[in-house]
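Numbering of the sequence shown is given in my numbering, commencing with residue 375 and proceeding in unit increments.
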Amino acid sequence: MAFLHSMNHNLFSEMIRKLKLIILILILQSNQGVTQTRDIGGTGDFIDGIAAIVNDGVVLRSEVEDQVTMVIRNIERQGAQQPPIGQLREEVLERLILQRIQLQRAERYGIAISDEGLNAAINNVALNNNVTFEEFPEVLAAEGVDYFKYRNELKQQITLDELRQREVSSRISVSQSELNSYLILQKEEDQKAYDFDLSHILLPLTSRSGQGEINRKQEMINDLRSRIEEGESFESVARDFSEGQQASNGGRLGWMKGGDLPEIFLLAIGGSKIGELTQPFQSSSGFHLLKINGIKGNDPVIEEQINVRHILIKTNEILDDAAAEEKLKTIRTQIINEGDFGAVASAVSEDPGSAQDGGDMDWAPKGFFVPEFEEIAYSLEMNQISAPFKSRYGWHIIQYLGQRSHDITEEVQRRKAVSSIRNLKLSDEIEIWARELRDEAYVEKLPFD
């Protein structure tokens, strides 16, 4: 019985869908006044103006022809060869079908772009083209683009972007191995833009060098590195043992562009810092050891950070603002007298994120906290405890624990790497997602001829 009920429900849903289509088409017929009889699956007579039926909506021929005209105009501008009109029309129609399916999905999810949001987006486009919002329609008109059509297309694009962000981004993950591989490649690319001040020791090999000589020089280069690590100067070791061209100058190569260095040198340098030695490495010319005397172009990203801990008391039906403030005054006096902010915070703070850590908020950059919290935090002296104050989250007291300048270069590089990898994957994932939606949708294309 449940199976029959399911069948009846599906048949009823299909009848409702077809009825909606018939009503929609009758409306289009009355608006256009041009009809053409075509039997499609027994659902009724359809008009000349429909290019495809997509779920409970349609793609109009006029939409297809408008897009085809635009594509042809772009092809002519580029001086490229135009594909056959039938092929072009089919590609445009398929793109519009995919777009319609996604817009229908966005509508079901309640994704809507406000006029204010759309105007802000258009204003950004105008500014990027060095014109004002008011001048932008005239600029479009000069290019043969209707402003209201442009608004509608941009609104659709923003809607689709929001839908894809919601549905596709969550499907993309970045593994640790992907991240590590990307960072290595990125570091190699970055290095080519750096300037390096290097010193060099070379123990040469020739095509006639036997395995015995290779082993001996490999052992020797390792020994030379150990001697330098133990305190001998690189310059004196280079003068005594290196056979490179700059040996008499202590092996000093001076400043060189990363892009001018052999690839094997860049690999050896890797993430070495100023003053460090590379590991010995072998090339076709022999065994090498480098010292990094200086690097330009890899300026670190320094972030000013503050460390505070706090106690949060929230108001409710029983505890109003005055009572919360008075409670924190009592707590503050207790801490000053007994000197254990962390223990009290763990016992009474209503911030679940920090109470278990004694109220410690960890190191945070400027702008991390809400303005009313940050203003108080930055006004305190070391270990000073603030008077009670109110933020949007409730009532607080803060203890200032310190400030530092922190190198976040690697963290920034990792964030950028993750973002880049996700963007690289995004287009492929969108294609897969769009095809899944296409396969699930009801689509019927009508002949153009």
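Ideal Cβ placement from N, Cα and C applies to all residues, glycine included.
Look at P511 here: in three-state DSSP terms it is helix. Residue state for M756 is assigned as coil, using DSSP reduced to three classes.
Spanning the alpha carbons of R545 and E803 requires a straight line of approximately 8 Å. Taking C-beta separations shorter than 7 Å and ignoring five residues to either side along the sequence, the partners of Q730 in its chain run S720, following chain order.
With fewer than 16 other Cβ atoms from the protein chains shown falling within 10 Å of its own Cβ, Q550 counts as exposed. Across the structure, G628 and S753 are spaced so that their CA atoms are roughly 47 Å apart.
Comparing alpha-carbon positions, the option among E509, N554, N504 lying closest to E784 turns out to be N554. Counting only runs that start and end inside the region 748-794, the beta strand (DSSP E) elements of at least 3 residues fall at 763-765, 768-781. If one requires a minimum length of 4 residues, the alpha helix (DSSP H) runs lying completely within the region 611-644 are 637-643, in chain order. DSSP, reduced to helix, strand and coil, places R683 within a strand of the structure shown. Taking 8 Å as the upper bound for CB-CB distance, Q565 and G632 are in contact here, some 4 Å apart.
In this structure, DSSP gives S573 an extended state, which the three-state scheme calls strand. Annotation for A425: no alpha helix (DSSP H) segment contains it, though the beta strand (DSSP E) segment containing it runs 424-428. Assigned with DSSP and collapsed to three states, A516 falls in helix. When beta bridges are read from the DSSP output, F655 appears opposite H662. In this model, Y568 and K670 are separated by some 6 Å (Cα to Cα). DSSP places V817 in the uninterrupted beta strand (DSSP E) bounded by 817-819. Annotation: the continuous beta strand (DSSP E) that includes D736 extends over 734-739.
L800 carries a helical assignment under DSSP once its states are collapsed to helix, strand and coil. Taking the C-beta atoms as reference points, I446 is found no nearer than 9 Å to Q455.
Taken atom to atom, the span from the alpha-carbon of V519 to that of D535 is near 22 Å. The three-state reading of DSSP puts L702 in helix, counting H, G and I together. Taking a contact as a CB-CB distance under 8 Å, the pair I588 and L663 does not count as one, their CB atoms being some 16 Å apart. Rounded to whole angstroms, the separation of the alpha carbons of A697 and E712 is 23 Å. A straight-line Cα-Cα distance of about 6 Å links L514 and Y521. Around the C-beta of Y816, fewer than 16 other C-beta atoms lie within 10 Å, and the residue is accordingly described as exposed. Excluding residues up to 5 positions away in sequence, A642, H662 lie with their Cβ nearer than 6 Å to the Cβ of F655 in the same chain. Rounded to whole angstroms, the Cβ separation of A808 and L472 is 5 Å, and the two are in contact under 8 Å. Apart from the 5 residues on each side of it in sequence, A612 sits with its Cβ closer than 7 Å to the Cβ of S573, I575, A621, G624, G625 in its chain, given in chain order. For G716 and I710, the gap between their C-alpha atoms comes out near 12 Å.
G584 and S600 have their alpha carbons spaced roughly 25 Å apart. In this structure, the beta-carbon distance from K764 to D695 falls below 9 Å. Under DSSP, E450 shares a beta bridge with no residue. The alpha-carbon separation between T707 and P762 amounts to approximately 11 Å. With 16 or more other Cβ atoms from the protein chains shown falling within 10 Å of its own Cβ, M735 counts as buried. With respect to H780, F747 sits apart: the two C-beta atoms are not nearer than 9 Å.
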